[in-house]
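Following: one structure in C-alpha coordinates, then a few remarks.
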Amino acid sequence: MKEKNVTFITQAAMIAAIYVALCLVFAPISYGEVQIRVAEALTILPFFTPAAVPGLFIGCIIANMLGGGIVLDVVLGSIATLIGAAGTYALRDQNRFLAPVPPILANALIVPFVLRYGYGVPLPIPLLVGTVGLGEIIGCGVLGMILLTALTRAPKGIFR
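In the numbering used here, the protein residues as written are 1073 to 1232.
Next up, the structure:
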(Lines of atoms letter the chains of each structure in order from A and count residues from 1; the text may use other names and numbers.)
(Lines give C-alpha, C1' and ligand atoms only; values in the text may rest on other atoms or scores of the structure.)
Protein backbone atom coordinates (compact mmCIF):
# COMPACT_ATOMS: atom_id res chain seq x y z
CA MET A 1 0.00 0.00 0.00
CA LYS A 2 2.77 2.42 0.97
CA GLU A 3 4.72 1.62 -2.21
CA LYS A 4 1.63 2.38 -4.31
CA ASN A 5 1.29 5.85 -2.70
CA VAL A 6 4.97 6.61 -3.28
CA THR A 7 4.66 5.53 -6.92
CA PHE A 8 1.56 7.70 -7.40
CA ILE A 9 3.18 10.78 -5.86
CA THR A 10 6.42 10.22 -7.78
CA GLN A 11 4.61 9.86 -11.09
CA ALA A 12 2.48 12.95 -10.43
CA ALA A 13 5.54 15.00 -9.48
CA MET A 14 7.51 13.87 -12.53
CA ILE A 15 4.61 14.67 -14.85
CA ALA A 16 4.20 18.10 -13.26
CA ALA A 17 7.92 18.82 -13.61
CA ILE A 18 8.03 17.72 -17.24
CA TYR A 19 4.94 19.83 -18.03
CA VAL A 20 6.56 22.92 -16.50
CA ALA A 21 9.88 22.27 -18.22
CA LEU A 22 8.23 21.87 -21.64
CA CYS A 23 6.23 25.10 -21.17
CA LEU A 24 9.34 27.03 -20.25
CA VAL A 25 11.58 25.54 -22.93
CA PHE A 26 8.94 26.33 -25.56
CA ALA A 27 7.81 29.58 -23.87
CA PRO A 28 7.55 31.63 -27.09
CA ILE A 29 4.78 29.34 -28.34
CA SER A 30 3.38 28.21 -24.97
CA TYR A 31 1.63 31.44 -24.00
CA GLY A 32 -0.67 33.97 -25.69
CA GLU A 33 -3.76 34.05 -27.86
CA VAL A 34 -2.10 31.86 -30.49
CA GLN A 35 -0.27 29.10 -28.69
CA ILE A 36 0.90 25.59 -29.31
CA ARG A 37 1.71 24.20 -25.91
CA VAL A 38 3.99 21.24 -26.50
CA ALA A 39 3.42 20.25 -22.86
CA GLU A 40 -0.23 19.57 -23.71
CA ALA A 41 0.93 16.34 -25.35
CA LEU A 42 1.21 15.05 -21.78
CA THR A 43 -2.56 15.36 -21.35
CA ILE A 44 -2.89 11.85 -22.79
CA LEU A 45 -1.02 10.41 -19.78
CA PRO A 46 -4.20 9.86 -17.72
CA PHE A 47 -4.88 7.13 -20.29
CA PHE A 48 -2.05 5.25 -18.53
CA THR A 49 -2.06 6.44 -14.92
CA PRO A 50 -4.42 8.33 -12.60
CA ALA A 51 -1.35 10.13 -11.18
CA ALA A 52 -1.28 12.19 -14.35
CA VAL A 53 -4.48 14.01 -13.35
CA PRO A 54 -3.02 15.88 -10.34
CA GLY A 55 0.39 15.99 -12.02
CA LEU A 56 -0.94 17.87 -15.04
CA PHE A 57 -3.04 20.17 -12.86
CA ILE A 58 -0.13 21.13 -10.60
CA GLY A 59 2.23 21.40 -13.58
CA CYS A 60 -0.17 23.76 -15.33
CA ILE A 61 -0.54 25.92 -12.21
CA ILE A 62 3.24 26.26 -11.87
CA ALA A 63 3.79 26.81 -15.62
CA ASN A 64 1.11 29.52 -15.77
CA MET A 65 2.57 31.26 -12.71
CA LEU A 66 6.15 31.10 -14.04
CA GLY A 67 4.93 32.20 -17.47
CA GLY A 68 3.63 35.44 -15.96
CA GLY A 69 -0.04 34.50 -16.06
CA ILE A 70 -2.64 36.57 -14.25
CA VAL A 71 -4.57 34.95 -11.40
CA LEU A 72 -7.57 34.29 -13.65
CA ASP A 73 -5.33 32.46 -16.11
CA VAL A 74 -3.54 30.47 -13.41
CA VAL A 75 -6.86 29.36 -11.92
CA LEU A 76 -9.10 28.84 -14.98
CA GLY A 77 -6.35 27.67 -17.34
CA SER A 78 -5.30 25.07 -14.78
CA ILE A 79 -8.91 24.03 -14.18
CA ALA A 80 -9.29 23.52 -17.95
CA THR A 81 -6.28 21.20 -17.85
CA LEU A 82 -7.71 19.40 -14.80
CA ILE A 83 -11.07 18.89 -16.54
CA GLY A 84 -9.31 17.65 -19.67
CA ALA A 85 -7.08 15.26 -17.72
CA ALA A 86 -10.01 13.91 -15.71
CA GLY A 87 -11.93 13.42 -18.97
CA THR A 88 -9.07 11.51 -20.52
CA TYR A 89 -8.86 9.32 -17.41
CA ALA A 90 -12.61 8.68 -17.60
CA LEU A 91 -12.26 7.58 -21.24
CA ARG A 92 -9.22 5.34 -20.65
CA ASP A 93 -11.19 2.14 -21.27
CA GLN A 94 -12.67 3.46 -24.51
CA ASN A 95 -11.03 3.89 -27.89
CA ARG A 96 -7.51 5.32 -27.42
CA PHE A 97 -8.17 7.89 -30.14
CA LEU A 98 -10.60 9.62 -27.74
CA ALA A 99 -7.79 10.38 -25.25
CA PRO A 100 -6.98 13.88 -26.57
CA VAL A 101 -10.60 14.98 -27.00
CA PRO A 102 -11.36 16.11 -23.40
CA PRO A 103 -8.30 18.41 -23.08
CA ILE A 104 -8.89 19.87 -26.53
CA LEU A 105 -12.51 20.68 -25.71
CA ALA A 106 -11.88 21.90 -22.15
CA ASN A 107 -9.15 24.31 -23.22
CA ALA A 108 -10.91 25.50 -26.37
CA LEU A 109 -14.04 26.33 -24.36
CA ILE A 110 -12.41 27.92 -21.27
CA VAL A 111 -9.14 29.60 -22.29
CA PRO A 112 -10.70 31.99 -24.89
CA PHE A 113 -12.72 33.66 -22.12
CA VAL A 114 -9.54 34.09 -20.06
CA LEU A 115 -7.80 35.66 -23.04
CA ARG A 116 -10.71 37.97 -23.82
CA TYR A 117 -11.77 39.07 -20.35
CA GLY A 118 -8.56 38.52 -18.37
CA TYR A 119 -6.00 39.79 -20.84
CA GLY A 120 -8.28 42.01 -22.91
CA VAL A 121 -7.42 40.34 -26.22
CA PRO A 122 -9.66 42.20 -28.67
CA LEU A 123 -10.42 39.21 -30.86
CA PRO A 124 -13.95 37.76 -30.87
CA ILE A 125 -14.55 34.68 -28.70
CA PRO A 126 -15.30 32.39 -31.70
CA LEU A 127 -11.96 33.30 -33.27
CA LEU A 128 -10.17 32.67 -29.96
CA VAL A 129 -11.95 29.32 -29.66
CA GLY A 130 -10.53 28.52 -33.10
CA THR A 131 -6.96 29.61 -32.32
CA VAL A 132 -6.85 27.91 -28.92
CA GLY A 133 -8.60 24.83 -30.35
CA LEU A 134 -6.12 24.58 -33.22
CA GLY A 135 -3.20 24.85 -30.82
CA GLU A 136 -4.75 22.14 -28.68
CA ILE A 137 -5.34 19.91 -31.69
CA ILE A 138 -1.65 20.20 -32.52
CA GLY A 139 -0.47 19.79 -28.91
CA CYS A 140 -2.92 17.14 -27.68
CA GLY A 141 -4.23 15.61 -30.87
CA VAL A 142 -1.05 15.31 -32.92
CA LEU A 143 1.83 15.37 -30.43
CA GLY A 144 -0.25 13.65 -27.74
CA MET A 145 -1.23 10.81 -30.04
CA ILE A 146 2.40 10.35 -31.10
CA LEU A 147 3.29 10.08 -27.40
CA LEU A 148 0.38 7.73 -26.71
CA THR A 149 1.42 5.48 -29.59
CA ALA A 150 5.04 5.42 -28.41
CA LEU A 151 4.05 4.63 -24.82
CA THR A 152 1.61 1.94 -25.92
CA ARG A 153 4.44 0.21 -27.76
CA ALA A 154 6.92 0.68 -24.90
CA PRO A 155 7.74 -2.20 -22.56
CA LYS A 156 5.10 -2.84 -19.91
CA GLY A 157 5.77 -1.32 -16.54
CA ILE A 158 6.42 2.31 -17.46
CA PHE A 159 3.26 3.47 -15.66
CA ARG A 160 2.41 0.38 -13.67
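For each residue, glycine too, the CB sits at the ideal point set by N, CA and C.
In this text the structure is predicted, and so the values were computed from the model without any measurement.
Of the residues the options, the one placed nearest residue i, counting alpha carbons only
{"i": "residue 1125", "options": "1149, 1160, 1094 and 1178", "result": "1160"}
{"i": "residue 1076", "options": "1113, 1103, 1121 and 1094", "result": "1121"}
{"i": "residue 1199", "options": "1213, 1135 and 1183", "result": "1183"}
{"i": "residue 1092", "options": "1079, 1222, 1117 and 1135", "result": "1135"}
{"i": "residue 1023", "options": "1189, 1127 and 1151", "result": "The first residue shown for the chain is 1073 and the last is 1232, placing residue 1023 beyond what the model contains."}
{"i": "residue 1233", "options": "1214, 1083 and 1201", "result": "Nothing can be reported for residue 1233: it is not among the residues displayed for the chain, which extend from 1073 to 1232."}
{"i": "residue 1087", "options": "1132, 1127, 1079 and 1074", "result": "1127"}
{"i": "residue 1090", "options": "1133, 1074, 1100 and 1078", "result": "1133"}
{"i": "residue 1180", "options": "1163, 1146 and 1209", "result": "1209"}
{"i": "residue 1171", "options": "1222, 1085 and 1117", "result": "1117"}
{"i": "residue 1131", "options": "1222, 1165, 1193 and 1085", "result": "1085"}
{"i": "residue 1142", "options": "1226, 1078 and 1192", "result": "1192"}
Beta-carbon contacts of residue i that lie in its chain and below 8 angstroms, excluding the five residues immediately before and after
{"i": "residue 1168", "result": "1119, 1220 and 1224"}
{"i": "residue 1146", "result": "1133, 1136 and 1137"}
{"i": "residue 1139", "result": "1095, 1096, 1099, 1102 and 1103"}
{"i": "residue 1081", "result": "1123"}
Cut-off 7 angstroms between Cβ atoms - residues of its own chain near residue i, not counting five sequence neighbours on either side
{"i": "residue 1109", "result": "1095, 1102, 1207 and 1211"}
{"i": "residue 1196", "result": "none"}
{"i": "residue 1129", "result": "1150, 1153, 1154 and 1157"}
{"i": "residue 1203", "result": "1105 and 1106"}
{"i": "residue 1238", "result": "The requested residue 1238 is not part of the displayed model; the chain covers only 1073 to 1232."}
{"i": "residue 1213", "result": "1172 and 1176"}
Supposed close pair residue i, residue j - CB separation, criterion 8 angstroms
{"i": "residue 1115", "j": "residue 1216", "result": "6 angstroms"}
{"i": "residue 1083", "j": "residue 1123", "result": "4 angstroms"}
{"i": "residue 1144", "j": "residue 1205", "result": "That pair is no contact at about 20 angstroms."}
{"i": "residue 1163", "j": "residue 1174", "result": "7 angstroms"}
Beta-carbon proximity list for residue i, same chain, < 6 angstroms, skipping 5 on both sides
{"i": "residue 1098", "result": "1110"}
{"i": "residue 1255", "result": "Since the first residue shown for the chain is 1073 and the last is 1232, residue 1255 is missing from the structure and cannot be characterised."}
Complete runs of the alpha helix (DSSP H) confined to the region 1099-1133 [at least 4 residues]: 1099-1102
Residue ranges of each alpha helix (DSSP H) within the region 1149-1213, 4 or longer: 1150-1162, 1173-1185 and 1197-1208
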